[in-house]
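Some notes on the structure that comes next.
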Amino acid sequence: MGSDRDHALIKRCLRGDRRALGELVREYERPIYNAAYRVLGNPDDAADITQSVFLRAFERLEQYNPKYKFFSWIYRIAINESINFRNRHSKQQSLVEDQAAVSATPEEEIDASHLSRVIQAGLMELNEDYRVVVVLRHFSEMSYHDISVVLRIPEKTVKSRLYSARQLMKASLADKGVL
Amino acid sequence: MSTLDERIADLIQADIDGELKASDRVELETALQNSEAARQFREELLRLAERFQSTPEVDPPEGLARRILDSVELPARQTLLSLSGMADWFRPLSYGLAVAAGVLIAIGVERMAPQQPADFSKLVGSMVGKDKPAAHTNSDILRVDGIGVRGEVRLKPAEQAWVLEFDLESDTAVAVNIRLDTARVQFGGFADPATNIDAFEVSGGDVQVKNQGHHQYVVFLRDRPETESGAPQIGISVSRAGHTLFDGSLNSAE
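From first to last, the protein sequence lines stand for chains A and B.
Using the working numbering, you'd call the opening residue of the first sequence number 13 and step up by one each time.
Using the working numbering, you'd call the opening residue of the second sequence number 25 and step up by one each time.
Structure (structure tokens):
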């Protein structure tokens, strides 16, 4: 996610260059979709949110301040959209489904898709504040500083939320036999 | 775990996350040597991090990118042209009259190719994209493929003049340097459809354009009237922070 390259692409988008838009969508579609999926726990909702994130980002592109990294800006939109979506729908269906599907499994039998479902179920047991920091740290691979910029919270708060979230995740994964 | 000091827990977490300060390294290592609770906590966090790392990414549904591209609207493509450097050649430009830039470029084209009607829309098409190429019988193409910069430059003949069309892409800010064959041509003008290049400079037989991202602009050269006509040799180099990324030349087969 090179910020110089992103800024150049944004300049071109502001000139109406759709090739530049295509490059930005190619670069960010996958990470934004994955972050939304891990926050929401549902692939269809994550796809809708990803589309909505790009729509909102490009509607407001002229407000984007190049002093900041584009990826921080678009992730902030993604997290806000995801949380607002959950608040609007407050659906727990996917959580129930995921938890029902997960059962304790011997470590040698843990395959990637099972692990993915167990991790997702664990994430959905966390409150949003904790879940979001875990997603940004472990799935979006952001630094404490970048997380603090995206969520507009102090780095100290990022660290303390991560600490608490990890304690809960450890217990959850241990219960499900994958830790 | 209750015996683990909060400060040590913070250091362990920072280490796992790759955020431990160098000045805290010794304190952490001492704690790990002396505390079973610290070692156990570190082991648990490492295992948790490994579990997250082993979790595969989820593929976005097929067609999502297309849905996004179809739904996003961008500002209309800019067509306003900016001109610079033409004052020596076309005196009225130096008066700085508040004339639309498009009109000015049309006058420039009229002077370069008096036999052809000034076709402003056609000129814009040739600079912005390849859907409406300007009519030229000969051209020479220089393909640029350097580290972090790629694209092409075309040299096209006009009546008593030459047109250099740039279509380059760079990852970061680069300087495009144009070395003119000053025995045959001199700088005649510059047109940038986007009006937002970072810097433009003409010095003797050298023209330099600095920008990052898309380099789509046109440089006009005019034949020196006192010399025999013939294809000029044009040197093109691309550099970043003084380091040459690409160097080449082109001349028309006219």
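Glycine included, every Cβ here is placed at the ideal spot set by N, Cα and C.
For Leu-206(A), I'd like the list of residues in its chain whose CB is within less than 8 Å of its CB, leaving aside the five on either flank, ordered along the chain.
Beyond the ends of chain A as shown, which are 13 and 191, falls residue 206(A); an answer cannot be given.
Completely contained beta strand (DSSP E) runs for the stretch 160 to 243 of chain B, where each covers 3 or more residues
164 to 170, 173 to 182, 185 to 203, 209 to 216, 223 to 227
Hey, does Lys-188(A) have any beta-carbon neighbour from chain B nearer than 8 Å?
For the purposes of this step, residue 188(A) is taken as the residue at position 176 of the first sequence. False, the Cβ-Cβ gap to chain B never drops below 8 Å.
So which residues on chain A does Arg-75(B) lean against when the C-beta distance must stay under 7 Å?
Reading the second sequence from its first residue, position 51 is the one you call residue 75(B). Residues of chain A passing the Cβ test: Leu-127, Ile-131, Leu-185, Val-190, Leu-191.
CB contact check: Pro-233(B) to chain A, cutoff 8 Å
One-based indexing of the second sequence puts residue 233(B) at position 209. The sequence as given places Val at residue 233(B); Pro does not occur at that position. Answer no: the Cβ-Cβ gap between Val-233(B) and chain A never drops below 8 Å.
Once DSSP output is grouped into helix, strand and coil, what is the label at Gly-13(B)?
No statement about residue 13(B) is possible, as the shown extent of chain B runs from 25 to 278 and does not include it.
Beta-carbon spacing of Ala-199(B), Phe-244(B) below 8 Å:
Residue numbering aside, residue 199(B) sits at position 175 when the second sequence is read from its first letter. Residue numbering aside, residue 244(B) sits at position 220 when the second sequence is read from its first letter. No. Outside cutoff.
What three-state label does DSSP hand Thr-79(B) in the structure shown?
Here the question's residue 79(B) lines up with position 55 in the second sequence. In this structure, Thr-79(B) counts as coil in the three-state DSSP scheme.
Ala-38(B): beta carbon under 7 Å from a heavy atom of the ligand PLP?
You won't find the ligand PLP in this model; it holds no ligand whatsoever.
Quick one: Cα of Thr-79(B) to Cα of Val-130(A), how far?
Counting from one through the second sequence, the residue named residue 79(B) turns up at place 55. Counting from one through the first sequence, the residue named residue 130(A) turns up at place 118. C-alpha separation (whole angstroms): 10 Å.
The alpha helix (DSSP H) that contains Ile-159(A), what's its start and end?
Mapped onto the first sequence, residue 159(A) falls at position 147. First-last of the alpha helix (DSSP H) with Ile-159(A): 156 to 163.
Cβ closer than 9 Å: which chain A residues qualify as neighbours of Val-262(B)?
Counting from 1 along the second sequence, the entry for residue 262(B) is found at position 238. Neighbours of Val-262(B) on chain A: none; closest Cβ ~15 Å, over 9 Å.
Spatially closest choice to Arg-174(B) from Pro-181(B), Lys-180(B), Asp-191(B), by CA coordinates:
Within the second sequence, the letter at position 150 stands for residue 174(B). Looking at the Cα atoms, Asp-191(B) is the closest of the given residues.
Is the shortest distance between the beta-carbon of Phe-70(A) and the beta-carbons of chain B less than 8 Å?
On the first sequence, position 58 is the one that residue 70(A) refers to. At least one chain B Cβ lies under 8 Å of Phe-70(A).
Identify, in the order they occur along the chain, each residue of the same chain with its Cβ nearer than 8 Å to the Cβ of Arg-66(B), setting aside the five sequence neighbours on each side.
Taking the first residue of the second sequence as 1, we reach residue 66(B) at position 42. So the list reads Ile-36, Asp-39, Ile-40, Leu-56, once near-sequence residues are dropped.
Taking 8 Å as the limit between beta carbons, can you name the residues of its chain near Thr-62(A), skipping five residues before and five after?
In the first sequence, residue 62(A) corresponds to position 50, counting from 1. Taken in chain order, the residues that qualify are Glu-41, Ile-44, Tyr-45, Ala-48, Ala-90.
Three-way DSSP call (helix, strand, coil) for Val-148(B) in this model
To locate residue 148(B), count along the second sequence from 1; it is residue 124. Caution is warranted here: a pLDDT of 32 is assigned to Val-148(B), below 50, making its placement in the model unreliable, and no coordinate value can be reported.
With a cut-off of 8 Å, does the C-beta of Asp-48(B) fall near any C-beta of chain A?
As a position in the second sequence, residue 48(B) is number 24, starting the count at 1. Chain A contact via Cβ: absent.
Which residues share a DSSP beta bridge with Arg-246(B)?
Indexing the second sequence from 1 puts residue 246(B) at position 222. Per DSSP, Ala-185(B), Gln-210(B).
Which one of Glu-53(B), Arg-63(B), Ser-261(B), Ala-62(B) has the shortest CA to CA distance from Ile-171(B)?
Mapped onto the second sequence, residue 171(B) falls at position 147. When each option's Cα is compared against that of Ile-171(B), the closest is Ser-261(B).
Can you grab the Cα-Cα spacing for the pair Lys-188(A) / Leu-138(A), in whole Å?
Counting from 1 along the first sequence, the entry for residue 188(A) is found at position 176. Counting from 1 along the first sequence, the entry for residue 138(A) is found at position 126. If I take the Cα positions, the gap works out to 15 Å.
Per-residue burial, Gly-134(A) [other beta carbons within 10 Å of its own, 16 or more giving buried]:
As a position in the first sequence, residue 134(A) is number 122, starting the count at 1. Per the 10 Å Cβ criterion, buried.
Under the three-state DSSP convention, the category Thr-62(A) falls into
By 1-based counting over the first sequence, the position of residue 62(A) is 50. Reduced to three states, the DSSP call for Thr-62(A) is helix.
Would you please verify whether the beta carbon of Ser-59(B) is less than 8 Å from any beta carbon of chain A?
Locating residue 59(B) in the second sequence gives position 35, counting from the first residue. Output row for Ser-59(B): interface = no.
Say whether chain B places a C-beta atom closer than 8 Å to the C-beta of Leu-163(A).
The sequence position of residue 163(A) within the first sequence is 151, counting from 1. No - not a single Cβ of chain B is within 8 Å of the one on Leu-163(A).
Other residues of its chain near Arg-264(B): CB distance less than 6 Å, five sequence neighbours each side excluded:
On the second sequence, position 240 is the one that residue 264(B) refers to. Correct list, in chain order: Val-198.
If you compare alpha carbons, which of Val-51(A), Ala-58(A), His-101(A), Phe-70(A) is closest to Asp-29(A)?
For the purposes of this step, residue 29(A) is identified with residue 17 of the first sequence, where counting begins at 1. It is Phe-70(A).
Which bits of chain B does Tyr-175(A) rub up against, with CB to CB less than 8 Å?
One-based indexing of the first sequence puts residue 175(A) at position 163. Those are Ala-33, Asp-34, Gln-37, listed as they occur along chain B.
Specify, as a first and last residue, the run of the beta strand (DSSP E) that Val-262(B) falls within.
Taking the second sequence and counting its residues from 1, the one referred to as residue 262(B) is at position 238. Taken as a continuous stretch (DSSP letters only), the beta strand (DSSP E) holding Val-262(B) covers 258 to 264.
Could you say if the stretch 196 to 216 of chain B and the stretch 227 to 239 of chain B meet the contact criterion of at least three C-beta pairs nearer than 8 Å?
yes
Would DSSP call Asp-301(B) helix, strand or coil?
The structure shown does not extend to residue 301(B), since chain B spans only 25 to 278, so no value can be given for it.
With 16 other Cβ atoms within 10 Å as the buried cut-off, status of Lys-171(A)
Against the first sequence, residue 171(A) aligns to sequence position 159. Lys-171(A) should be labelled buried.
Can you give me the Cβ contacts of Leu-36(A) inside the same chain, cut-off strictly under 6 Å, excluding the 5 residues immediately before and after it?
Here the question's residue 36(A) lines up with position 24 in the first sequence. Same-chain partners within the cutoff: Leu-21.
If we define contact as Cβ-Cβ less than 8 Å, is Ala-55(B) a contact residue for chain A?
For the purposes of this step, residue 55(B) is taken as residue 31 along the second sequence, with counting starting at 1. Cβ-Cβ to chain A under 8 Å: no for Ala-55(B).
Could you give the residue range of the alpha helix (DSSP H) that holds Ser-15(A)?
Residue numbering aside, residue 15(A) sits at position 3 when the first sequence is read from its first letter. Run containing Ser-15(A): 15 to 26, per the alpha helix (DSSP H) assignment.
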